[in-house]
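Asks: Sequential numbering of the sequence shown, starting at -15, is according to my numbering.
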Amino acid sequence: TKGKNKHWERSVTINNSWGFDSKDSVFKSPYEVILDFVDCISNGGNMPLNISAKADGTIPSEQVNVLKELGKWNKKHAVALFNTISGIAPEYFQGPTTISKDSTKLYLFLTGKNKPHAVVKGIKNKIANIRIVGVDGTDSLNFRYSEPLFLQSVPPMVEIDVPENKQDPYVTVLEISFEKPLELYVEKDL
């Protein structure tokens, strides 16, 4: 796994200030905060999110919007976020990942918009199923193995089709299920 420290956190603000500042109108978008959160949990961390109430105790509407969108996104993708462990290294997947505690599910976070494919490599397990998290009625996604060109002992890359009409407006999450706990190829396996 990527996260080396057992306990760590990254504190994040929704704008540039820790307390209310009437001159600070540079608010992060829900997408930016979700990206921060995904990066943090994929590395085994915790992310306290600071809000800055006005003198009358109300929260600026821009911050309320971020909190509501983050809450909806977290609820939709909870299985990939909570009670998981830090994910696989970037040489296997170019993006954030988490793993179920029993290691039978790998979650890929697609941070780009409208990516038609996701590619993961180094998986030694047989894939039982791949689906999009949080989308009702999602069938198994189509995927293909592409054989390595030179080293036959290296597991094939897996290319997964991600239908554009099923993608999340912020970050799409794929769940790859295995019959046995995840095993990854490491170079010493040669």
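Glycine is no exception: its CB is placed at the ideal position from the N, C-alpha and C atoms.
Does the beta-carbon of S6 have 16 or more other beta-carbons within 10 angstroms, so that it is buried, or is it exposed?
Replies: Exposed is the call here.
Asks: Spell out the partners DSSP gives I107 in its beta bridges.
Replies: Its beta-bridge partners are L168.
Asks: Could you please give me the residues that DSSP links to S84 through a beta bridge?
Replies: T68.
Asks: Do the stretch 111 to 130 and the stretch 139 to 157 touch if we need at least three Cβ pairs shorter than 8 Å?
Replies: Yes, the stretch 111 to 130 is in contact with the stretch 139 to 157.
Asks: For F77, which of helix, strand or coil comes out of DSSP?
Replies: Residue state, collapsed to three classes: coil.
Asks: With DSSP as the reference, label D173 as helix, strand or coil.
Replies: Note that D173 has pLDDT 49, beneath the 50 cutoff, so the model's placement of it is unreliable and the number below is only indicative. Helix at D173.
Asks: How would you call Y91, buried or exposed, if buried means at least 16 neighbouring beta carbons within 10 angstroms?
Replies: Buried, since its Cβ has 16 or more Cβ neighbours within 10 Å.
Asks: Can you tell me whether F21 is buried or exposed, with buried defined as 16 or more other CB within 10 angstroms of its CB?
Replies: With 16 or more other Cβ atoms within 10 Å, it is buried.
Asks: Below 6 Å CB to CB, which residues in the same chain sit around T156 once its five sequence neighbours on both sides are set aside?
Replies: The residues are L94.
Asks: Taking N109 as the reference, which of S161, V(-4), K60, R(-6) has the closest Cα?
Replies: The shortest Cα separation from N109 among S161, V(-4), K60, R(-6) belongs to S161.
Asks: Would H101 be called buried (16 or more neighbouring beta carbons within 10 Å of its own) or exposed?
Replies: Looking at its Cβ environment, which holds fewer than 16 other Cβ atoms inside 10 Å, H101 is exposed.
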